[in-house]
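In what follows, a structure is listed as structure tokens, so that the remarks can point back to it.
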Ligand code: SAH
Ligand code: SF4
């Protein structure tokens, strides 16, 4: 979502004449779009700000140039004034719900007065209504935010505090944005939300729709070839959404559905409000709907109170599911969340050991899954040139990155390839068909 938000910030600043500049030393404005989900991510912000201070100072000393520094995203939202206190060279602090106001904030900066501006409100207006159209070309696979915020309050998580309450965009604004992306060459859309399957927006027929219905509708857009959505919560996997997996060919057979832990005791303490059996049942239903669906997930190890037996339950669950890929993290204490006050914190070394064995298991599952793809023919969406000359990089329906030889004119097209070799993190293939590339 931060990638999407960064693109939208670029769009909002374009009317002021700003363009993306890959050269930090040459930039007139530097925007750090930040993540607060784990401690490590937020710590990085302050070390990065130290580096940017020097860039700003050098531009002022050597070129008499005023470089504006903006901190955006969830660290901005959570830390607010603390940022300008610890890093007074920051000019603007703007939260994830107010970045549409960036142009106004920039206009209000006064280089003589050296004023600093902080906007971390949760405003009544909807930022999407104020942002310009997606301007820059987004490429063959693009993101589209449909839902933001979260009302679930898992006891470890900062999202409900930094991104605010659940909000769903209307179907019309989503479909309009989809059409516009498609007209600029996008062929695959990933619908985004902190809890994307909790999306429940006004439909174009005046009724309230769920995500399943939205997917059926988007699938009607002829030049849109592939649809994905992320991230989902097990409690919001409703019948229509599961049916969409059975009936909508454009919906890719790959689902990121985090559970966090395989222990019911820990799931309860996390306030996930479902059991591991509930989760397995959902996966069964999904596999009945779409036999070849591949699963991905998120896991947290070392949640307060997690015993060896609880951790063993997580490994058992992973064995039962068989993941094509997954993300895993050590529990990170986040200020203001209920779990951070718990006394039974798990020692760091135990967390590290558990993370290592969990990742070994997940890596071996991923490798095995990739190996089963050898000699299979896939339709892949070509996204870009690969590093090596003459090579292209594409994605399989299962999100695997695949490399093969082909002409640049295939970028943005769907082609058939046969997988020749599978590795831990990518596949090699031979193109077998491109006359009918679409
Ligand atoms: N809404 C999604 C997850 C969004 S946060 C869901 O409910 O599944 C993305 C991932 O970050 C989470 O799935 C979780 O695995 C991880 N995460 C969130 N807070 C964390 C914390 N305090 N410590 C470690 N990992 C965390
Ligand atoms: Fe965080 Fe996801 Fe839980 Fe919401 S549902 S509180 S985003 S982990």
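In my numbering, the protein residues as written are 1440 to 1877. Glycine residues also receive a C-beta, built at the ideal position from the N, C-alpha and C atoms.
In this structure, how does DSSP classify residue 1832 when only helix, strand and coil are distinguished?
strand
Name the two residues that bound the continuous alpha helix (DSSP H) containing residue 1803.
1787 to 1811
Measuring alpha carbon to alpha carbon, tell me which of 1848, 1814, 1665 and 1868 ends up nearest residue 1840.
1868
Beta-carbon separation of residue 1737 and residue 1765 under 8 Å?
yes
Whole angstroms is fine: what's the gap from residue 1582's alpha carbon to residue 1616's?
Taking the straight line from one Cα to the other gives about 10 Å.
Evaluate contact between the segment 1816 to 1833 and the segment 1778 to 1796, counting only Cβ atoms and requiring at least three cross-stretch pairs below 8 Å.
no
What do you reckon, are the CB atoms on residue 1770 and residue 1722 nearer than 8 Å?
The criterion of a C-beta distance shorter than 8 Å is not satisfied by residue 1770 and residue 1722.
Consider the C-beta atom of residue 1531 and the heavy atoms of the ligand SAH; say whether any pair is separated by less than 7 Å.
no
Can you tell me which of 1760, 1625 and 1675 puts its alpha carbon nearest to the alpha carbon of residue 1851?
1625
To the nearest angstrom, how far is the alpha carbon of residue 1675 from that of residue 1696?
10 Å
Is residue 1442 buried or exposed, if buried means 16 or more other CB atoms sit within 10 Å of its CB?
Burial is judged here by how many other beta carbons sit within 10 angstroms of a residue's own beta carbon; residue 1442 has fewer than 16 and is exposed.
Should residue 1667 be listed as close to the ligand SAH, given that the test is whether its C-beta is under 7 Å from any heavy atom?
no
Reference residue 1468, options 1474, 1545 and 1760, closest by Cα
1545
Can we count residue 1598 as close to the ligand SAH, meaning its CB is less than 7 Å from some heavy atom?
yes
Would you call the segment 1657 to 1675 and the segment 1624 to 1638 in contact, with 3 or more CB pairs under 8 Å?
Yes, the segment 1657 to 1675 touches the segment 1624 to 1638.
Are the beta-carbon atoms of residue 1570 and residue 1450 separated by less than 8 Å?
yes
Compute the distance between the beta-carbons of residue 1845 and residue 1870, then report whether it is under 8 Å.
Going by C-beta atoms, residue 1845 is nearer than 8 Å to residue 1870.
In angstroms, rounded to a whole number, what distance separates the CA positions of residue 1866 and residue 1607?
Rounded to whole angstroms, residue 1866 to residue 1607 spans 36 Å at the Cα level.
Examine the ligand SAH and report whether any of its heavy atoms sits within less than 7 Å of the Cβ of residue 1654.
no
In three-state DSSP terms, what is residue 1507?
strand
Close beta carbons around residue 1586, own chain, < 6 Å, minus the five adjacent residues each side:
The residues are 1607, 1632, 1635 and 1638.
Endpoints, the alpha helix (DSSP H) within which residue 1448 is located
1441 to 1452
How many angstroms separate the CA atom of residue 1680 from the CA atom of residue 1650?
6 Å
Between the C-alpha atoms of residue 1589 and residue 1849, what's the straight-line distance to the nearest angstrom?
Near 39 Å, if we compare the C-alpha coordinates of residue 1849 and residue 1589.
So what does DSSP say about residue 1755, is it helix, strand or coil?
helix
For the ligand SAM, is there any heavy atom lying closer than 7 Å to the beta carbon of residue 1457?
In the structure on display, the ligand SAM does not appear, and the ligands it does have are the ligand SAH and the ligand SF4.
Would you grab the beta carbon distance between residue 1690 and residue 1666 for me? Rounded to a whole angstrom, and I think it's under 8 Å.
Their Cβ separation, rounded to whole angstroms, is 5 Å, which keeps residue 1690 and residue 1666 in contact under 8 Å.
For residue 1664, which residues in the same chain have their Cβ closer than 8 Å to its Cβ, ignoring the five residues on either side in sequence?
1626, 1627, 1689, 1820, 1853 and 1877
State the DSSP-derived secondary structure class of residue 1643, mapped to helix, strand or coil.
coil
Which whole-angstrom value is the C-beta distance of residue 1683 and residue 1643, which I expect to be below 8 Å?
Not confirmed; about 17 Å, so no contact.
Helix, strand or coil for residue 1629 per DSSP?
strand
Determine the direct distance from the alpha carbon of residue 1458 to that of residue 1534, and round the result to whole angstroms.
Taking the straight line from one Cα to the other gives about 21 Å.
In whole angstroms, what separates the C-alpha of residue 1465 from that of residue 1486?
20 Å
Give me the Cα-Cα distance between residue 1549 and residue 1474, rounded to the nearest whole angstrom.
28 Å
Whole angstroms is fine: what's the gap from residue 1470's alpha carbon to residue 1517's?
17 Å
Would you kindly work out how many angstroms separate the C-alpha atoms of residue 1515 and residue 1553, rounded to a whole number?
19 Å
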